[in-house]
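Q: Everything in the sequence shown is counted per my numbering, starting at 5 for the first residue and increasing by one. Ideal placement from N, C-alpha and C gives every residue a C-beta, glycine not left out. Note that the coordinates shown come from a computational prediction; the quantities given were computed from them, not determined experimentally.
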Amino acid sequence: MKKYIILIIALLFSAVCLNVFAQTKQYSFEVSKTGKGKQAIIFIPGFASSGDVWSETKANFEKEYTCYTLTMAGFAGVQPQPNPSFENWKNEIANYIKTNKIEKPILIGHSMGGGLALAIASDYPELISKIIVVDALPCLNALMDPSFKSKENNDCSPMVNQMTAMSETQFLEMQKKMMPRLLEDKSKLDIVVDWSVKSDRKTFAEMFCDFSNTDLREKITTIKCPSLILLESNFVNFKPAIEGQYKNLKTANFQYADKGLHFIMYDDKDWYLNQVSNFIKS
């Protein structure tokens, strides 16, 4: 009898462990859930950025909407995971939506996060109600090289080796030089640089390489939901090339910022919030 009791206890313990494991599945991102509302908004930050990039945006919606704010693994101090890829991140966000029964969320993504929003809405068109793409293109490299084609087996090791060989000081100086090209609001500059410096260097290199090899120009044909495309002010000078990349997205609504650079949510905040609010509430 004692053996049977021990066996039953062991089985019950195993069942509890399995149940806990199932409830705490590790995704390739951290999630902060705030606000209350039937309609959900999922915020996807850009390359090497924290979910905190959406703080001012969320403040405008948390009273009426449930907000899920992601920070991707390996970025801005979040624990990295092995073998990150754009494709895996896309599928994991979609699986998170399904597993947590988030009904028809609105996706808003900046930069690479905007690319992920496009990819999710393309591959899972019935899952999403609307997307907002903040300063992202279906194929970044095609803006400089219209004949660009993705490599099937892209070797990212040279970039990984180069990035991981840099000292902390070298990497910091590189980010300090690069970020003013992406952000005019100097009050946010140190914060954005700090997110990059706190990112895992291997993830940084692998995802930069992988996203640079991503081409969504044909894939976006399958998107069904309304799509707001917010672009930095300088991009108005490349309007034919940019909107040409989006020619297969029949639901696209293009809006160009009045001022500022890549971080539109900081550089043209009032215009940006007005665009986002009108689109979400329409």
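So the candidates are ASN252, ARG205, MET211; which of them puts its Cα closest to the Cα of LYS228?
A: That would be ASN252, whose Cα lies nearest to the Cα of LYS228.
Q: Does DSSP classify ASN278 as helix, strand or coil?
A: helix
Q: Need the endpoints of the alpha helix (DSSP H) that SER161 sits in, please.
A: 161-169
Q: Is PHE47 helix, strand or coil by DSSP?
A: Note: PHE47 maps to strand in three-state DSSP.
Q: What residue from PHE258, ASN238, SER237 has the CA that sits closest to GLU247's CA?
A: PHE258
Q: Between the C-alpha atoms of HIS266 and MET116, what's the straight-line distance to the nearest angstrom?
A: If I take the Cα positions, the gap works out to 12 Å.
Q: Given a cut-off of 8 Å on the beta-carbon distance, is the pair PHE47 and TYR31 in contact?
A: no
Q: Going along the chain, which residues of its own chain have a beta-carbon closer than 7 Å to the beta-carbon of LEU141, five neighbours each way excluded?
A: Apart from sequence neighbours up to five positions away, the residues of its chain that approach LEU141 with a beta-carbon distance below 7 Å are LEU147, ILE246, GLN249, ordered along the chain.
Q: Need the endpoints of the alpha helix (DSSP H) that LYS243 sits in, please.
A: 243-249
Q: My output table needs one value for CYS143: the three-state DSSP class, helix, strand or coil.
A: coil
Q: Which full runs of the beta strand (DSSP E) of 3+ residues lie inside the stretch 65-104, going along the chain?
A: Correct list: 70-76.
Q: Assess contact between the stretch 127-135 and the stretch 158-178, defined as three or more Cβ pairs (one per stretch) separated by less than 8 Å. Is contact present?
A: no
Q: Going by C-alpha to C-alpha distance, which of SER126, THR218, ALA52 sits closest to ALA209?
A: ALA52
Q: Can you check whether the CB of SER237 is closer than 8 Å to the CB of ALA80?
A: Contact flag unset, no.
Q: Does DSSP put TYR270 in a helix, a strand or coil?
A: helix
Q: Do the stretch 55-64 and the stretch 89-105 meet, that is, are 3 or more Cβ pairs less than 8 Å apart?
A: Contact annotation: the stretch 55-64 does not touch the stretch 89-105, with fewer than three C-beta pairs closer than 8 Å.
Q: Could you check how far apart the C-beta atoms of SER281 and LEU220 are, in whole angstroms? I think they sit under 8 Å.
A: That pair is no contact at about 26 Å.
Q: Is it buried or exposed for MET182, if we count other Cβ within 10 angstroms and need 16 for buried?
A: exposed
Q: By how many angstroms is the C-alpha of VAL164 removed from the C-alpha of LYS206?
A: Near 6 Å, if we compare the C-alpha coordinates of VAL164 and LYS206.
Q: Helix, strand or coil: which one does DSSP assign to GLU172?
A: helix
Q: From the DSSP output, in three-state form, read off ASN23 for me.
A: At ASN23, the pLDDT of 39 sits below 50, so the modelled position is not reliable; the number obtained from the coordinates is stated separately. In the structure shown, ASN23 sits in a helix (DSSP, three-state: H, G or I).
Q: On the DSSP letters alone, give me the boundaries of the alpha helix (DSSP H) that PHE33 sits inside.
A: PHE33 -> not in any alpha helix (DSSP H); beta strand (DSSP E) instead, spanning 33-38.
Q: Out of PHE90, ASN87, SER89, ILE106, point me to the one whose CA is closest to LYS40's CA.
A: ILE106
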